[in-house]
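What follows is a single structure, written as C-alpha cells, with notes after it.
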Amino acid sequence: MDHAAIDESITSRQEVSGFGSMIRTQPFWVFLAILAIGIVMTFVSDAFMTERNMFNITRNFAFFGIMALGMSAVICTAGIDLSVGSLLGLCAITLGLTMQAGWGIEVGFVVCMLTAAAVGAINGVLIAYLKMAPFVVTLGMLAMARSIAMVISNNKMIYEFGPDMELFEWIGGESMLGVPNVVWVLILMTAGFWWVWRYSTWGRWVIAIGGNAQAAKLSGIPVERMIVSVYMVCSMCTGLAAFMFIGYTGSATNGMGVTYELNVIAASVIGGANLMGGVVYALGAPIGAALVELIRNSLLLAGIPALWQQFFVGLFLILAVLLEQIRSRGRS
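Under the working numbering, the first residue of the sequence shown is numbered 1066, with each subsequent residue one higher.
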C-alpha cells in the first residue's frame, strides 16, 4: 500500500482561501448576514453605530472568538468539547488564587494555562486512547471542573490580584489604538490559526483525521497523539480567554462561564466548522462569534427581552447546520 499516496489524498483538504473561493464558503455568507443585521440596526437604534457600542461588541465577541478558535479544531476532528464553560470558571479561580497569594501575573498566567492544558490532556487521553465518546467525556468534565472550582474557591469571589493587579486589569480591560486588547489577541490568534490550517503539518493532519481517521492512521499519522493535542489546544484557548476575561471583569468567581459552551460551539459551527469533521476556517470562529454577540446586542437595543437571546443563537445554529447539509448534497 502506498502510504505516501494516501497521506497526500487525505491531507489535501485545505482551508479555502482567496476572495474568489471565499464567496463559496459559509463564513462569507455569515459575514453578509452580519452586515445585513448591522444595516437594519442602524435604522432601529441610533445607539447601534456609536463608537462605544462598537467597542463593546468587538470586545465581548473577542472572548468567545478566542475560545471558538480552539473549539473549531476539536470539531474539525468530528469531536466536541462541552467542558469549556466550566473550564473557564476553573481557570479563573486558579488564576485568581495564585495572584491573590502574591505570586505575580507571570506565575498566574502559567498556572492558568497549565490548568487548561491538564484538563485538555485528560479529555484527549480518555477520548483518543480509551475510545470514549467526546460528548460523554467532556460532559463529565463540565461537571467536574465546575465542582473543583467551587471547592478550591470555597465558593467565594476573588477580587484582589496582588501587586500586579493594575497591569492585569490593563491587559484584559483596556485598549490600544482604540481597539480592545482582547481584540488584538483575537486578531493575532486568527492569523496564527490561518497559517496553521493552511501551511503546517499539524493543521493538515488534523484536517485529515476529521476527513477519515482510519485512512489517516494507515498513512502514518499519529491519530491518538493528534487528538490529545487538539483537545489541549482547545482548552488552552479557553485558558487564554479566561486570563483576558478576568482582567476585564476585575473579579473571579466559580460561576463564570456557565452556558458559554453553547455560544462557543454555536460560533464555531455558524462560522463553518463541520460537525462531521474535516472542514475548518480560521476566520469562521471570529465571524461566528461576532454574529452571536451581534444577536445579543441587537435584541438589547431593539428592546426585545434578553431571554430571547438563546432562542436566536439556537436558530442560527440549526440554520448553519442545515445550510452545510444542503451544500454537501450539492457537492455530491
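All residues carry an ideal CB built from backbone N, CA and C; glycine is no exception.
Can you grab the Cα-Cα spacing for the pair residue 1175 / residue 1167, in whole Å? Within the sequence shown, residue 1175 is the residue found at index 110, counting from 1. Within the sequence shown, residue 1167 is the residue found at index 102, counting from 1. Near 14 Å, if we compare the C-alpha coordinates of residue 1167 and residue 1175.
So, residue 1160 versus residue 1311, is the Cβ gap smaller than 8 Å?
-> Within the sequence shown, residue 1160 is the residue found at index 95, counting from 1. Within the sequence shown, residue 1311 is the residue found at index 246, counting from 1. Result yes, Cβ atoms of residue 1160 and residue 1311 sit closer than 8 Å.
Practice item. Give me the Cα-Cα distance between residue 1208 and residue 1103, rounded to the nearest whole angstrom. Key: Position 143 of the sequence shown, counted from the start, is the residue given in the question as residue 1208. Position 38 of the sequence shown, counted from the start, is the residue given in the question as residue 1103. About 37 Å.
Alpha carbon to alpha carbon, what distance is there between residue 1234 and residue 1194?
Numbered from 1 along the sequence shown, position 129 holds the residue referred to as residue 1194. Numbered from 1 along the sequence shown, position 169 holds the residue referred to as residue 1234. Distance between the alpha carbons of residue 1194 and residue 1234 is about 40 Å.
Review point. Identify the residues that DSSP records as bridge partners of residue 1317: which are they?
Key: Numbered from its first residue, the sequence shown carries residue 1317 at position 252. Residue pairing from DSSP places residue 1317 in a beta bridge opposite 1223.
Exercise. Tell me the DSSP bridge mates of residue 1363?
Worked result: As a first step, residue 1363 must be located in the sequence shown, where it is residue number 298. Answer by DSSP bridge pairing: none, since residue 1363 is not bridged.
**Item:** Residue closest to residue 1240, alpha-carbon to alpha-carbon, out of 1123, 1211 and 1182
**Value:** Numbered from 1 along the sequence shown, position 175 holds the residue referred to as residue 1240. If we check each option's Cα against that of residue 1240, 1123 comes out closest.
inquiry  = Rounding to the nearest angstrom, what Cα-Cα distance links residue 1119 and residue 1286 in this structure?
reply    = As a first step, residue 1119 is located in the sequence shown; it is residue number 54 there, counting from the start. As a first step, residue 1286 is located in the sequence shown; it is residue number 221 there, counting from the start. The straight-line gap from Cα to Cα measures roughly 44 Å.
- Could you work out which residue in 1313, 1151, 1173 and 1362 is closest to residue 1227 when comparing CA atoms only? For the purposes of this step, residue 1227 is identified with residue 162 of the sequence shown, where counting begins at 1. Selected option, being the one with the closest Cα: 1173.
### Task
For residue 1297, name the three-state secondary structure that DSSP assigns.
Working through the sequence shown from its first residue, we reach residue 1297 at position 232. Here residue 1297 sits in helix by DSSP.
Item to check | Touch test, the region 1213–1233 against the region 1090–1106, Cβ-Cβ under 8 Å, three pairs minimum | outcome: no
Can at least three beta-carbon pairs, one atom from the region 1304–1320 and one from the region 1241–1250, be found at a separation below 8 Å? yes
Margin query: Using a Cβ-Cβ distance cut-off of 8 Å, determine whether residue 1132 contacts chain C.
Written below: Considering every chain present, this structure includes no chain C. It has just one protein chain.
Assigned exposure category for residue 1117 - 16 Cβ within 10 Å defines buried
The count along the sequence shown starts at 1 and reaches residue 1117 at position 52. Classification of residue 1117: exposed, given that the 10 Å Cβ count is below 16.
Shortest alpha-carbon distance to residue 1347 belongs to which of 1332, 1180, 1372 and 1274?
Within the sequence shown, numbered from 1, the residue matching residue 1347 stands at position 282. For the residues 1332, 1180, 1372 and 1274, the minimum Cα distance to residue 1347 belongs to 1332.
Using CA coordinates, which residue listed in 1146, 1342 and 1252 is at the minimum distance from residue 1206?
On the sequence shown, position 141 is the one that residue 1206 refers to. Nearest option by C-alpha distance: 1146.
Worksheet entry | Opposing strand residues paired with residue 1240 [DSSP bridges] | On the sequence shown, residue 1240 is found 175 positions in, with the first residue counted as 1. Answer is 1245, bridged to residue 1240.
_Just verifying my parser: in three-state terms, what is the DSSP assignment at residue 1390?_
Stepping through the sequence shown from its first residue, residue 1390 is reached at position 325. Residue 1390 falls in the helix class under three-state DSSP.
Tell me the DSSP secondary structure of residue 1166 in three-state form. Working through the sequence shown from its first residue, we reach residue 1166 at position 101. DSSP, read as helix, strand or coil, puts residue 1166 in coil.
Query raised in the report: Exposed or buried, which one is residue 1342 when buried takes at least 16 other CB atoms within 10 Å?
Result: Taking the first residue of the sequence shown as 1, we reach residue 1342 at position 277. Under this definition residue 1342 is a buried residue.
Q. Nearest-angstrom Cα distance between residue 1391 and residue 1381?
A. Here residue 1391 refers to the residue found at position 326 when the sequence shown is read from its first residue. Here residue 1381 refers to the residue found at position 316 when the sequence shown is read from its first residue. If you take the alpha carbons of residue 1391 and residue 1381, they lie about 15 Å apart.
> For residue 1266, does the count of other Cβ atoms within 10 angstroms reach 16, so buried, or fall short, so exposed?
Replying inline: Along the sequence shown, one-based indexing puts residue 1266 at 201. Residue 1266 is exposed by the Cβ-count criterion.
I need the DSSP call for residue 1212, collapsed to helix, strand or coil.
Stepping through the sequence shown from its first residue, residue 1212 is reached at position 147. Residue 1212 falls in the helix class under three-state DSSP.
task: Within the same chain, show all residues whose beta-carbon is closer than 6 Å to that of residue 1127, passing over the 5 residues directly before and after it, in chain order.
output: One-based indexing of the sequence shown puts residue 1127 at position 62. So the qualifying residues of the chain are 1247, 1248 and 1251.
| said: Between the region 1183–1198 and the region 1268–1276, can you find at least three pairs of beta-carbon atoms closer than 8 Å? | reply: no
Residue 1306 and residue 1178 look like a contact to me (Cβ under 8 Å); what is the Cβ gap, rounded to whole Å?
Here residue 1306 refers to the residue found at position 241 of the sequence shown. Here residue 1178 refers to the residue found at position 113 of the sequence shown. The Cβ separation is near 11 Å, so there is no contact.
Next on the checklist: Check this for me: beta carbons of residue 1095 and residue 1360, under 8 Å apart or not?
Outcome noted: As a first step, residue 1095 is located in the sequence shown; it is residue number 30 there, counting from the start. As a first step, residue 1360 is located in the sequence shown; it is residue number 295 there, counting from the start. Not a contact, by the Cβ cut-off of 8 Å.
TODO: Find the nearest neighbour of residue 1300 within the set 1290, 1186, 1330 and 1142, judged by alpha-carbon distance.
DONE: If you number the sequence shown from 1, residue 1300 lands on position 235. If we check each option's Cα against that of residue 1300, 1186 comes out closest.
### Task
Determine the direct distance from the alpha carbon of residue 1111 to that of residue 1134, and round the result to whole angstroms.
In the sequence shown, counting from the first residue as 1, residue 1134 sits at position 69. In the sequence shown, counting from the first residue as 1, residue 1111 sits at position 46. Using only the alpha carbons, I get a separation of about 32 Å.
Do the CB positions of residue 1180 and residue 1155 come within less than 8 Å of each other?
Taking the sequence shown and counting its residues from 1, one reaches residue 1180 at position 115. Taking the sequence shown and counting its residues from 1, one reaches residue 1155 at position 90. In this structure, residue 1155 lies closer than 8 Å to residue 1180 by Cβ.
Discussion item. Between which two residues does the alpha helix (DSSP H) holding residue 1123 run?
Written reply: By one-based count along the sequence shown, residue 1123 stands at place 58. 1116–1141 is the span of the alpha helix (DSSP H), which, as asked, contains residue 1123.
### Message
On the CB-based measure, 16 or more other CB atoms within 10 Å of its CB, does residue 1358 come out buried or exposed?
### Response
By 1-based counting over the sequence shown, the position of residue 1358 is 293. Buried.
Under a Cβ-count criterion, where at least 16 other Cβ atoms within 10 Å of its own Cβ denotes burial, should residue 1200 be classed as buried or exposed?
-> Translated into positions along the sequence shown, residue 1200 becomes position 135. Label assigned to residue 1200: exposed.
- May I ask which residues mark the beginning and end of the alpha helix (DSSP H) holding residue 1341? Working through the sequence shown from its first residue, we reach residue 1341 at position 276. No alpha helix (DSSP H) contains residue 1341, which DSSP labels as neither H nor E.
Report yes if the CB atom of residue 1327 is closer than 8 Å to the CB atom of residue 1386, and no otherwise. Counted from its first residue, the sequence shown places residue 1327 at position 262. Counted from its first residue, the sequence shown places residue 1386 at position 321. In this structure, residue 1386 does not lie closer than 8 Å to residue 1327 by Cβ.
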